[in-house]
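*Asks:*
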Amino acid sequence: MTEAAIQQCLHDLPKCEHHLHIEGSLSPSLLFRLADTNKISLPAIETDPSFASPEALEGRYTRFTSLNDFLHYYYIGMSVLITTADFESLAYEYFARAHNDGVHHAEIFFDPQAHTSRGIAYETVVAGLGMAQKRAEKDFGLTSKLILCFLRHLPASDAKDTYQAAEALGHFSSGVVAGIGLDSSEVGFPPEIFKEVYESASKAGIRRTAHAGEEGDSTYISRALDLCSIERIDHGIRLVDDEALLKRVAKDKTLVTMCPLSNVRLRCVTKVAELPIRKFLTEGVRFSINSDDPAYFGGYILDNYIAVQEAFRLNLKEWKFIADGAIEGSWCDGERKQVLLEKVEQWAESYKGTL
Ligand code: ADE
Ligand code: ZN
0 MTEAAIQQCL
10 HDLPKCEHHL
20 HIEGSLSPSL
30 LFRLADTNKI
40 SLPAIETDPS
50 FASPEALEGR
60 YTRFTSLNDF
70 LHYYYIGMSV
80 LITTADFESL
90 AYEYFARAHN
100 DGVHHAEIFF
110 DPQAHTSRGI
120 AYETVVAGLG
130 MAQKRAEKDF
140 GLTSKLILCF
150 LRHLPASDAK
160 DTYQAAEALG
170 HFSSGVVAGI
180 GLDSSEVGFP
190 PEIFKEVYES
200 ASKAGIRRTA
210 HAGEEGDSTY
220 ISRALDLCSI
230 ERIDHGIRLV
240 DDEALLKRVA
250 KDKTLVTMCP
260 LSNVRLRCVT
270 KVAELPIRKF
280 LTEGVRFSIN
290 SDDPAYFGGY
300 ILDNYIAVQE
310 AFRLNLKEWK
320 FIADGAIEGS
330 WCDGERKQVL
340 LEKVEQWAES
350 YKGTL
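According to numbering that gives the first Met the number 0, the sequence shown is numbered sequentially starting from 0.
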């Protein structure tokens with residue numbers, strides 16, 4: 000198969016995305032445009048020359064030195080998002096892009112505390128995202144869920160207030176928000192800080208995930224599983240450092256949401272080939288491939304699939320295992336999963352004997 004044919008095959012593979020920060024899909028060009036429209040001042044060029052133009056900012060994004068270095072730009076970037084329409088267009092553009100890459104179901108993170116702390120109401124954010132979700136389902140047949148993330152560098156009491164605000168609006172019981180997550184700076188902010196809020200969510204039957212083992216060691220994963228009863232692991236690349244834990248994750252079919260291009264940009268690994276994808280496949284760990292913050296990390300979901308293929312040369316059976324696992328680990332209902340599993344079956348049939 001030619002490279003172009005392989006890319007077409009990966010494009011056609013029905014995909015689910017589980018690890019996408021909607022604020023991380025804000026491109027430098029949209030960032031500058033919204034800053035202008037909403038009269039938000041960006042850092043002065045004398046302080047940071049990266050803000051001279053969208054091109055200069057794009058260039059700076061290729062030189063992140065760590066997760067915290069990236070987060071500095073990520074929080075500045077999202078400060079231009081003000082109105083419901085801003086959130087709606089941001090999310091709709093992501094859905095349109097994801098649809099073009101062959102995504103059928105997306106579960107997207109949002110960071111309410113990063114908006115409420117700047118005076119943007121939680122309801123403004125969720126209303127905009129919700130409108131985009133409805134339009135994407137109507138226009139593209141793309142189903143989606145929202146995952147409310149807590150910022151781990153802020154106090155647990157802040158996370159609790161955010162949780163209660165969403166609960167008071169009935170957002171969990173109505174399904175407006177499907178679950179909770181934990182993101183931002185990992186090292187020094189272990190999962191157990193948020194044990195109480197995760198316990199409340201667990202009791203209420205709310206879905207739970209957390210970033211774990213991205214920059215933090217493998218105990219961040221085990222502690223998130225044991226103390227916060229997470230049902231999914233975001234990143235989880237340090238699983239390879241604890242054989243027993245890896246076997247447990249495989250046995251429990253806990254989905255690991257991997258983000259290859261992100262891990263390279265944030266220097267968790269030096270190249271995609273260093274990621275434990277072969278090991279996960281051999282041991283039967285269920286994982287999906289995702290874009291994390293595509294506007295910052297140089298690629299959307301299909302770019303991540305292609306990068307994995309270039310590094311590992313997976314065959315059709317291995318890609319089917321990944322695609323089936325991504326569907327089974329999704330938080331949509333059984334009926335939707337069945338539809339998606341059948342699409343993957345048809346894909347495998349049509350590419351039989353090629354990959
Ligand atoms: N917020 C957005 N992207 C993130 C990542 N890769 N890790 C932690 N927090 C994040
Ligand atoms: Zn992430």
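Don't be surprised by glycine CBs; every beta carbon is placed ideally from N, CA and C.
Might you give, ordered along the chain, the residues of its own chain that have their beta carbon closer than 7 Å to the beta carbon of P301, omitting 5 neighbours on each side?
*Replies:* In the sequence as displayed, the identity of residue 301 is Leu instead of Pro. The answer, listed in chain order, is L9, H10, D100 and G101.
*Asks:* Are the region 141–149 and the region 319–336 touching by the rule of at least three beta carbon pairs closer than 8 Å?
*Replies:* A contact exists between the region 141–149 and the region 319–336.
*Asks:* In the DSSP output, which residue or residues are listed as bridge partners for T208?
*Replies:* Looking at the DSSP assignment, T208 forms a beta bridge with R231.
*Asks:* If contacts are defined as beta-carbon pairs under 8 Å, then P293 and L274 qualify, I think. What distance do you get, rounded to the angstrom?
*Replies:* At roughly 17 Å, the Cβ-Cβ gap does not stay under 8 Å, so P293 and L274 are not in contact.
*Asks:* What residues sit near the ligand ZN, counting only those whose C-beta is closer than 6 Å to one of its heavy atoms, in chain order?
*Replies:* Matched residues: H18, H20, D182, H210, D233 and D291.
*Asks:* Tell whether a beta-carbon distance below 8 Å holds between T353 and M0.
*Replies:* Yes, the pair counts as a contact, with Cβ atoms nearer than the cut-off.
*Asks:* Cutting at 8 Å between CB atoms, please list the residues of its own chain near E185, excluding the five before and the five after it.
*Replies:* L66, R151, H210, A211, E213, E214, G215 and Y219.
*Asks:* Would you list, in sequence order, the uninterrupted alpha helix (DSSP H) runs of no fewer than 4 residues that lie entirely inside the region 221–269?
*Replies:* Whole alpha helix (DSSP H) segments, 4+ residues: 242–251 and 259–264.
*Asks:* Assuming A126 and T161 make a contact with CB atoms under 8 Å, what is their CB distance in whole Å?
*Replies:* A126 to T161, Cβ: 16 Å. No contact.
*Asks:* Looking at the structure shown, is G40 part of a helix, part of a strand, or coil, going by DSSP?
*Replies:* This sequence places Ser at residue 40; Gly is not what is there. Of the three classes helix, strand and coil, the one that applies to S40 here is coil, per DSSP.
*Asks:* Is it right to say A243 is buried, meaning 16 or more other beta carbons lie within 10 angstroms of its own, or is it exposed?
*Replies:* Exposed, because fewer than 16 other Cβ atoms sit within 10 Å of the Cβ of A243.
*Asks:* Mark P154 as exposed unless 16 or more other C-beta atoms lie within 10 angstroms of its C-beta, in which case mark it buried.
*Replies:* That one is exposed.
*Asks:* Please identify the residue among R335, A310, R134 and E16 whose C-alpha is closest to the C-alpha of L254.
*Replies:* Here the closest residue by C-alpha is E16.
*Asks:* Helix, strand or coil for I305, going by three-state DSSP, please let me know.
*Replies:* Correct three-state label for I305: helix.
*Asks:* Could you give the C-beta distance for V307 and I288, rounded to a whole number, given that I count them as a contact under 8 Å?
*Replies:* Their Cβ separation, rounded to whole angstroms, is 6 Å, which keeps V307 and I288 in contact under 8 Å.
*Asks:* Leaving out five residues before and five after L245 in sequence, what residues of the same chain have Cβ atoms less than 7 Å from its Cβ?
*Replies:* Excluding residues within five positions, the ones whose Cβ falls inside 7 Å are L238, V239, E282 and V284.
*Asks:* Mark A203 as exposed unless 16 or more other C-beta atoms lie within 10 angstroms of its C-beta, in which case mark it buried.
*Replies:* It is exposed - the Cβ of A203 has fewer than 16 other Cβ atoms within 10 Å.
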